[in-house]
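Peer 1: The following block contains the structure, expressed as structure tokens.
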Amino acid sequence: MAPTSPKIVLVTGASGGIGLATAVLLAQHPDKYKVIATARKPSAIQEVASGSKFDVKKLDVTDDALVKDVVESVIKEHGKLDVLINNAGFGTRLTVEQQDLASHQALFDTNYFGMVRMIQAVLPHMRAAQSGQIINITSLVGFSAIPFCDAYSASKFAVEGLSEAMAPTLSKFGISVSIVEPGPVATNFSARVQQDMAATGKPKDDAYT
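Using this note's numbering, read the sequence shown as starting at 15 and increasing by one per residue.
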């Protein structure tokens with residue numbers, strides 16, 4: 015039997031936390047996976063990458079052109095893309111009244127539309143191959159929303175709705191869709207949320223705290 019070539023795996027949001035841990039774990043099995051780890055700031059993972067067998071590419075999931083370029087470069091280099099792991103995202107701890115519309119839109123542009131961009135970029139290649147796997151990292155708040163995470167919860171509900179809706183239509187092309195709903199995880203995610211809130215400042219008329 016001829017040896018099976020490693021699956022080509024593209025991970026977004028791999029600068030830390032779940033994304034980086036996933037890239038490192040998969041890269042430990044080079045006979046099974048060839049990992050391309052992406053982040054807005056590749057320098058954040060270069061040090062780890064030097065000791066792991068995965069490639070690093072710059073990717074901002076809110077940049078239409080860059081998303082297309084990265085996907086096309088992976089196809090050109092490897093001839094295929096087997097697995098997309100959509101992990102890029104960020105959160106806020108604000109009520110719907112406290113969080114201005116621009117901030118809502120920015121959060122959705124990364125957490126939801128960022129995934130949409132990635133999915134739209136990879137699907138033509140996966141359909142042509144009649145094979146592929148899309149894994150969307152959501153959150154328990156996409157299943158059961160919590161107070162003070164209004165926009166973040168809504169963005170994760172959107173991801174879950176998209177995932178559940180597209181799974182049946184893509185199955186006929188041999189493409190599977192999965193969602194992962196992590197609970198609390200020891201990452202720097204919460205610290206970044208606190209930093210963002212400190213930089214933004216609390217609303218002047220804060221009746222919620």
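Each residue gets a CB set at the ideal place from its N, CA and C atoms; glycine is no exception.
Tell me, to the nearest whole angstrom, how far the beta carbon of Thr26 is from that of Val75; I am working on the premise that it is less than 8 Å.
Peer 2: What you label residue 26 is simply residue 12 of the sequence shown in a count that begins at 1. What you label residue 75 is simply residue 61 of the sequence shown in a count that begins at 1. Their Cβ separation, rounded to whole angstroms, is 6 Å, which keeps Thr26 and Val75 in contact under 8 Å.
Peer 1: Please look up how many angstroms separate the CB atoms of Ile149 and Val194, rounded, as I've assumed it's under 8 Å.
Peer 2: Position 135 of the sequence shown holds residue 149. Position 180 of the sequence shown holds residue 194. The pair is a contact, with the Cβ atoms about 6 Å apart (cut-off 8 Å).
Peer 1: Considering only residues of the same chain and omitting the five flanking positions on each side of Gly33, which have a CB-CB separation below 6 Å?
Peer 2: Sequence index remark: in the sequence shown, residue 33 carries index 19 (1-based). The residues are Val25, Gly27, Asn101.
Peer 1: Ala35 by DSSP, collapsed to three states: which one?
Peer 2: Indexing the sequence shown from 1 puts residue 35 at position 21. The answer is helix: DSSP assigns Ala35 an H, G or I state.
Peer 1: Tell me which residue opens and which closes the alpha helix (DSSP H) that Ala102 is part of.
Peer 2: By 1-based counting over the sequence shown, the position of residue 102 is 88. Where Ala102 is concerned, there is no enclosing alpha helix (DSSP H), given that its DSSP letter is neither H nor E.
Peer 1: Count Cβ pairs between the stretch 69-84 and the stretch 127-136 that sit closer than 8 Å; are there 3 or more?
Peer 2: At 8 Å Cβ cutoff, the stretches touch.
Peer 1: Considering just the uninterrupted stretch of the beta strand (DSSP E) at Gln147, what are its terminal residues?
Peer 2: For this step, residue 147 is matched to residue 133 along the sequence shown. Unbroken beta strand (DSSP E) run through Gln147: 146-151.
Peer 1: One question on the structure: do Phe162 and Leu108 come within less than 8 Å of each other, judged by their Cβ atoms?
Peer 2: Position 148 of the sequence shown, counting from 1, holds the residue named residue 162. Position 94 of the sequence shown, counting from 1, holds the residue named residue 108. Yes; because the gap between Cβ atoms is below 8 Å, this pair is in contact.
Peer 1: If contacts are defined as beta-carbon pairs under 8 Å, then Lys5 and Pro44 qualify, I think. What distance do you get, rounded to the angstrom?
Peer 2: Absent from the model: residue 5. The displayed extent of the chain is 15 to 223, so no value can be given.
Peer 1: Flag this pair as yes or no: are the beta carbons of Asn125 and Gly103 separated by less than 8 Å?
Peer 2: As a position in the sequence shown, residue 125 is number 111, starting the count at 1. As a position in the sequence shown, residue 103 is number 89, starting the count at 1. Closer than 8 Å, so yes.
Peer 1: Which same chain residues, not among the five before or five after Asp21, have their C-beta less than 8 Å away from its C-beta?
Peer 2: Within the sequence shown, residue 21 is the residue found at index 7, counting from 1. One detail in the question is off: residue 21 reads as Lys in this sequence, not Asp. Correct list, in chain order: Lys46, Tyr47, Lys48, Asp96, Val97.
Peer 1: Using alpha carbons as the reference points, say which of Glu86, Asp164, Arg141 lies closest to Leu184.
Peer 2: Locating residue 184 in the sequence shown gives position 170, counting from the first residue. If we check each option's Cα against that of Leu184, Arg141 comes out closest.
Peer 1: Flag this pair as yes or no: are the beta carbons of Ser153 and Leu121 separated by less than 8 Å?
Peer 2: Here residue 153 is taken as the residue at index 139 of the sequence shown, counted from 1. Here residue 121 is taken as the residue at index 107 of the sequence shown, counted from 1. Not closer than 8 Å, so no.
Peer 1: I'd like to confirm the pairing. Which residues does DSSP put opposite Leu98 in its beta bridges?
Peer 2: Indexing the sequence shown from 1 puts residue 98 at position 84. Leu98 is bridged to Leu24, Ile148.
Peer 1: Just to confirm the assignment: which complete beta strand (DSSP E) runs, minimum length 3, are found wholly within the stretch 67-145?
Peer 2: Listed in chain order, the complete beta strand (DSSP E) runs (minimum 3 residues) inside the stretch 67-145 are 68-72, 97-100.
Peer 1: Among the residues of its own chain, which have a CB less than 6 Å from the CB of Gly188, if the five just before and after it don't count?
Peer 2: As a position in the sequence shown, residue 188 is number 174, starting the count at 1. If we look at Gly188 and ignore the five residues flanking it on each side, its Cβ neighbours are Gln144, Ser145.
Peer 1: Let me confirm a value: Ile160 is counted as buried when at least 16 other C-beta atoms fall within 10 Å, else exposed. Which label applies?
Peer 2: For the purposes of this step, residue 160 is taken as residue 146 along the sequence shown, with counting starting at 1. Flag for Ile160 reads exposed.
Peer 1: For Val84, count the other beta carbons within 10 Å of its own beta carbon; 16 or more makes it buried, fewer makes it exposed. Which is it?
Peer 2: Counting from 1 along the sequence shown, the entry for residue 84 is found at position 70. It is buried - the Cβ of Val84 has at least 16 other Cβ atoms within 10 Å.
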